[in-house]
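Colleague: Take the sequence shown: its letters are residues 1 to 175, numbered as in full-length UniProt numbering.
The C-beta atom is built at its ideal place from N, Cα and C for all residues, glycine as well.
Because the structure is a prediction, the values reported are computed rather than measured.
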Amino acid sequence: MDFRIAGALALGSMLAVASCDRAEVKVATSTDAPHVVAASDIEAGRYLVKVGGCNDCHTPGYVQGGGKLAETEWLKGNPVGYRGPWGTTYAHNLRLTTAGMTEDEWVEMLGTRQALPIMPWPSVNAMSEADRRAIYRFIRSLPGEAGTPAPAALAPGIEPTTPYENMMPVMPKAS
Ligand code: HEC
């Protein structure tokens, strides 16, 4: 076989493989860390707070109301505790948290803190910096009163004086 024909055949099969590879790539990529793209940083923050479930714990009545609670009530903290082997924790008032720190301090805290359940720290630790900034800006833009601080966390064995959700693991009775 003429070496030019062999070369053309080899090139042809390489192109076939390459175009096949391209067809399998369906997701747009860039060199940036994955992050939400929206019309504005506030919109990105609103989206992240919604899909990140922050209201589920930090906004009383949000889940029970089917997520229809007005933004004036969002993220004011929860007076109902989460009691488990870690003690009793209360989802903080994030309006007060953000008002008490700079954006950079917030970004650092969300990126590195590993504290008590049932706050999903590993999930927020995994967020890109752009997303952590967007959440801060959205919370700072929320309308309505700032509200009051949530109760302080209690050590295991301390009896809460507030209502709480019992999250103690229960062993099924032996049958
Ligand atoms: C499953 C319930 C739950 C969800 C969902 C949740 N949190 Fe929390 N969060 C908590 C609890 C409980 C605490 C208090 C933990 C403690 O006392 O250490 C907390 C604490 C925090 C704190 C510390 C505040 C401070 O003043 O020290 C921040 C910040 C925070 N949450 C942000 C978020 C964000 C942002 C989201 C959404 C991406 C979110 N949380 C989703 C339950 C939750």
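1. Nearer than 8 Å: is that true of the beta carbon of Gly53 relative to any heavy atom of the ligand HEC?
2. What residue ranges within the UniProt domain "Cytochrome c" (40–143) form continuous beta strand (DSSP E) runs of no fewer than 3 residues, ordered along the chain?
3. So, for Ala130: in the same chain, excluding its five sequence neighbours on each side, which residues have a beta-carbon less than 6 Å away from its beta-carbon?
4. Are the beta-carbon atoms of Met127 and Leu48 separated by less than 9 Å?
5. Any heavy atom of the ligand HEC within a distance shorter than 8 Å of the CB on Trp74?
6. Residue range of the beta strand (DSSP E) that Glu165 falls in?
7. Could you tell me how far apart the beta carbons of Trp74 and Thr59 are, in whole angstroms, since I believe they sit closer than 8 Å?
8. Compare the Cα-Cα distances from Trp106 to each of Gly157, Ala38 and Ile135 and report the closest residue.
9. I'd like to know whether the C-beta atoms of Tyr62 and Glu165 end up nearer to each other than 9 Å.
10. Going by Cα to Cα distance, which pick from Pro122, Arg133 and Lys50 is closest to Gly66?
11. Taking 8 Å as the threshold, find out whether the stretch 84–103 comes into contact with the stretch 151–164 through three or more Cβ pairs.
12. Pick out whichever of Ser175, Arg133, Pro163 and Met171 has its Cα sitting closest to the Cα of Ser40.
13. Sorry if obvious, but does the Cβ on Met168 come closer than 8 Å to a heavy atom of the ligand HEC?
14. Given this structure, state the Cα-to-Cα distance separating Pro149 from Tyr90, to the nearest angstrom.
15. Excluding the 5 residues preceding and the 5 following Val80 in the sequence, name in chain order all residues of the same chain whose CB lies nearer than 8 Å to its CB.
Modeller: In brief:
1. For the ligand HEC, at least one heavy atom lies less than 8 Å from the Cβ of Gly53.
2. Here the runs fully enclosed are 81–84 and 87–89.
3. These residues qualify, in order along the chain: His35.
4. Between Met127 and Leu48, the C-beta gap is smaller than 9 Å, which places the two residues in contact.
5. The answer is no for Trp74.
6. Tyr164 to Asn166 is the extent of the beta strand (DSSP E) around Glu165.
7. With 8 Å as the limit, Trp74 and Thr59 qualify as a contact, their Cβ atoms being about 5 Å apart.
8. Comparing Cα-Cα distances from Trp106 to each of Gly157, Ala38 and Ile135, the minimum goes to Ile135.
9. Contact flag unset, no.
10. The shortest C-alpha to C-alpha distance from Gly66 to any of Pro122, Arg133 and Lys50 is the one to Lys50.
11. Yes, they touch.
12. Ranking the options by Cα distance to Ser40, first place goes to Arg133.
13. Closer than 8 Å to some heavy atom of the ligand HEC: that does not describe the Cβ of Met168.
14. If you take the alpha carbons of Pro149 and Tyr90, they lie about 10 Å apart.
15. Cβ-Cβ distances below 8 Å link Val80 to Pro60, Tyr90, Thr162, Pro163, Tyr164 and Glu165 in the same chain, with the five nearest sequence neighbours on each side left out; the list follows chain order.
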